[in-house]
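Numbering (the working numbering), first residue to last: 3 to 151. Glycine included, every Cβ here is placed at the ideal spot set by N, Cα and C. Working notes for the structure below.
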């Protein structure tokens with residue numbers, strides 16, 4: 003039963019942190035141009051609530067150097083953000099914030115591209131199989147005519 007309460011609490015803290023951090027960043031709390039357009043996609047706190055993994059991405063596509071700059075800016079402002087979220091968390095200890103690029107969308111896009119390629123390949127094979135079947139039918143038909151003639 004105690005484990006169940008911890009899970010519920012951590013889920014609650016995850017969602018509260020995600021919302022609070024999103025609001026703070028949207029309002030420009032860090033005043034750093036590198037964090038403009040940042041989206042907090044998920045937060046995962048450790049079971050003891052001592053650390054929070056904050057997954058972020060940008061609204062627009064980002065080159066690797068932009069991703070690194072974003073994470074660097076967020077890590078640099080982690081103390082400011084941590085103090086700002088304290089009232090919303092209402093806990094004795096506020097989790098230490100660690101920021102990570104959320105590559106789940108990138109992964110999803112790669113998977114989608116792979117599935118698209120597989121579908122195209124299947125379609126090409128089906129078309130070539132159909133062409134081969136038609137060639138077999140033509141040969142059979144021609145063979146029948148030769149026997150009759």
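{"Item": "Where the beta strand (DSSP E) containing residue 99 begins and where it ends", "Value": "98–103"}
{"Item": "Which of helix, strand or coil DSSP assigns to residue 66", "Value": "helix"}
{"Item": "Cα-Cα separation, residue 60 to residue 129", "Value": "42 angstroms"}
{"Item": "Segments of 4+ residues assigned as alpha helix (DSSP H) that fall wholly inside the region 39–94", "Value": "66–78 and 80–91"}
{"Item": "Separation of residue 77 from residue 25, as counted between CA atoms", "Value": "17 angstroms"}
{"Item": "Nearest-angstrom Cβ-Cβ length linking residue 56 and residue 40, presumed shorter than 8 angstroms", "Value": "10 angstroms between Cβ atoms; not a contact."}
{"Item": "Cβ-Cβ distance between residue 49 and residue 12 below 8 angstroms", "Value": "yes"}
{"Item": "Reduced DSSP secondary structure (H/G/I, E/B, other) of residue 29", "Value": "coil"}
{"Item": "Assigned exposure category for residue 54 - 16 Cβ within 10 Å defines buried", "Value": "buried"}
{"Item": "Member of 71, 69, 79 and 68 whose CA lies at the smallest distance from the CA of residue 27", "Value": "79"}
{"Item": "Classification of residue 151 by the beta-carbon crowding that lies within 10 angstroms, buried from 16 upward", "Value": "Unreliable placement is indicated for residue 151, whose pLDDT of 49 sits below 50; no coordinate value is reported for it."}
{"Item": "Whole-angstrom distance between residue 92 and residue 36, CA atom to CA atom", "Value": "29 angstroms"}
{"Item": "CB contact flag (residue 96, residue 84, <8 angstroms)", "Value": "yes"}
{"Item": "Reference residue 98; option with closest CA among 119, 89, 81 and 113", "Value": "81"}
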